[in-house]
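This report concerns only the one structure given below.
2 protein chains.
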Amino acid sequence: MKELAIALVSGGMDSCVSAAIAKQNYELAFLHVNYGQRTEIRELQAFNDIADYYDVKKRLVVSIEYLKSIGGSSLTDDNIPVSIADLNSKNIPTSYVPFRNTHLLAIAVSWAEVIGAVKIFIGAVEEDSSGYPDCRKEYYHAFNKLIEVGTKPETHIEVVTPLIDMKKHEIVKKGIELNAPLHLTWSCYKNNDVACGVCDSCALRLRGFKNAGVKDPIKYAITI
Amino acid sequence: MKELAIALVSGGMDSCVSAAIAKQNYELAFLHVNYGQRTEIRELQAFNDIADYYDVKKRLVVSIEYLKSIGGSSLTDDNIPVSIADLNSKNIPTSYVPFRNTHLLAIAVSWAEVIGAVKIFIGAVEEDSSGYPDCRKEYYHAFNKLIEVGTKPETHIEVVTPLIDMKKHEIVKKGIELNAPLHLTWSCYKNNDVACGVCDSCALRLRGFKNAGVKDPIKYAITI
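If you're matching them up, the sequences are chains R and Z in order. This note's numbering applies: residue 79 is where the first sequence begins, and numbers increase by one. This note's numbering applies: residue 79 is where the second sequence begins, and numbers increase by one.
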């Protein structure tokens, strides 16, 4: 029998491909975290569509909408506009939610300790990312150290980041290779119906498909 | 003007004394996290009483009741009984909430980054504790490393554990020395009206007062 792994599935393309990689060697449990972002309704639908595709029975959906009351990000604070993508900028974009991945991983570890999962797959991408501090390899090294010292002695849980060194076009190719349901994913930070095509996330995704030489199966309002 | 520090205040004695120590050098912001524990109503009252005592304006109360849906602890899962204290046991008690402090600290760090706080005070106790893995010094070292790599380059936030090496009776004495409002605190894991006197938390507290040679100002149903 395969060991159990938790896949963090936002509903976006990266987490879908990350889950597809996990699927090769583990039984899957899917975790989705709603942190009060603008596009949560659409992302939750994508989460369930992807879970259905892989026939995942163990699903946990957790709300950490309290991040809204903390603020500081355009994703959760309606007073901060979602910035138009500038993929050459070295600045951390307004969509940055301070320390967000720590909240997500803490939930995953607590759940893993209870259900006996040994791995946590997260679709974080360092190289081709938006420059969020908590998407870097050294962050995940530090987090794995934290798990080691912060859980029961008999517990061995590891966060795995299979995409961390990939470029977006490599993620697209990997997804197609593994027959991941990219057509069911949702990446847009701004809209719930038709992807905007101009936010950071849309722009990165579109560039990835373009560089992979593949047509993105979802529809866009505008493509820049 | 004093720099800002966040004090994690559960409403219990340890976090109250930790906040009293923070108060000596910092302007205070108080954070309380409701994780669906049995005694939350009483703890929240204690939190607000202590905040009023110190005239703290910046207060954040966050619910992470999703821990209930994860389960695994007698504090949040009604199907697991709260164990009677065995202070000589080396086992992790049933009240252990897997990886709980990581959830609390993640919230504190996100808030600190937004409001510009430089320290986070938490009343964790290693030596005289119940043996929770996330109350040990090495856990906090690992967490501070995580903050360093997981936040913006210009952000410098540090978790401070002023009680980590203290015995319970030393915490009692420290609290009295600093005029901390111990009479407003609540430690019982089981009851919301009169402290039970027999759960892990009551037993540790009572032993602390006894060893300090001071009478606990709160009332108990039974004392063993």
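Where a beta carbon is used, it is the ideal one built from N, C-alpha and C, also for glycine. As the structure is a computational prediction, the values presented were derived from the model and not from experiment.
Here Cys277 of chain R carries a strand assignment [DSSP, helix/strand/coil]. For the region 81-92 of chain Z, the beta-carbon criterion of a distance under 8 Å to any beta-carbon of chain R is satisfied by none of its residues.
For Trp189 of chain Z, the chain R residues whose Cβ falls inside 7 Å of its Cβ are Ile148, in order along the chain. According to the DSSP secondary-structure assignment, Tyr104 of chain Z is paired through a beta bridge with no residue.
Taken through DSSP and simplified to helix, strand or coil, Ile300 of chain R comes out as coil.
When the five nearest sequence neighbours on each side are left out, the beta carbons in the same chain lying within less than 6 Å of the beta carbon of Gly89 of chain R are those of Glu121, Ala124, Phe125 and Trp264, in order along the chain.
The straight-line gap separating the alpha-carbon atoms of Arg116 of chain Z and Tyr267 of chain Z is approximately 7 Å. As DSSP reads the structure, Glu236 of chain R sits in a beta bridge with R:Lys197.
If you check the CB distance, Leu182 of chain Z and Val95 of chain Z do not come in under 8 Å. Tyr210 of chain R and Gly253 of chain R have their C-alpha atoms roughly 23 Å apart.
The C-beta of Tyr104 of chain R comes no closer than 8 Å to any C-beta of chain Z. Contact annotation: Glu216 of chain Z and Val227 of chain R have beta-carbon atoms nearer than 8 Å. With a cutoff of 8 Å on beta-carbon distance, Leu138 of chain R and Gly201 of chain R are scored as not near each other. Against chain Z, a Cβ distance below 8 Å from Leu145 of chain R picks out Ser188. In this structure, DSSP gives Ile242 of chain Z a state outside helix and strand, which the three-state scheme calls coil.
For Ser141 of chain R, the three-state secondary structure derived from DSSP is strand.
The alpha-carbon of Val250 of chain Z is positioned some 38 Å away from that of Lys230 of chain Z. The C-alpha of Glu118 of chain Z is placed about 48 Å away from the C-alpha of Pro295 of chain R. A Cβ-Cβ distance of about 17 Å is found for the pair Tyr113 of chain Z and Ile84 of chain Z, leaving them out of contact under the 8 Å criterion. Residue pairing by DSSP places Asn112 of chain Z opposite Z:Ser141 in a beta bridge. Bounds of the alpha helix (DSSP H) holding Leu224 of chain Z are Lys215 to Gly228.
For the options R:Tyr298, R:Ala97, R:Asn103 and R:Leu145, the alpha carbon positioned closest to that of Ile128 of chain R is the one of R:Ala97. Residue range Leu82 to Leu86 is occupied by the beta strand (DSSP E) that includes Leu86 of chain Z.
Ile235 of chain Z sits buried, since 16 or more C-beta atoms from the chains shown fall within 10 Å of its C-beta.
DSSP places Phe177 of chain R outside any alpha helix (DSSP H), giving it a letter other than H or E. Under the DSSP assignment, Asn270 of chain Z falls outside any alpha helix (DSSP H); it carries neither an H nor an E label. Shown here, Lys251 of chain R sits in a helix according to DSSP, grouped into three states. When only Cα atoms are considered, Ala186 of chain R and Leu82 of chain R end up about 13 Å apart.
In the DSSP annotation of this structure, the continuous segment of the alpha helix (DSSP H) that includes Asn126 of chain Z starts and ends at Glu118 to Tyr131. Between Thr301 of chain R and Leu262 of chain R, the alpha-carbon positions lie close to 19 Å from each other. Secondary structure of Lys135 of chain Z (DSSP, three-state): coil. A Cβ of chain R is located within less than 8 Å of the beta carbon of Ala220 of chain Z.
Taking a 10 Å sphere around the C-beta of Gly275 of chain Z, we find 16 or more other C-beta atoms and assign the residue as buried. Listed along chain R are Gly228, each with a C-beta nearer than 7 Å to that of Asp212 of chain Z. Here DSSP, grouped into helix, strand and coil, assigns Glu205 of chain Z to coil. Under a criterion of Cβ atoms nearer than 8 Å, the residues of chain Z adjacent to Leu138 of chain R are, in order, Ser147 and Ile148.
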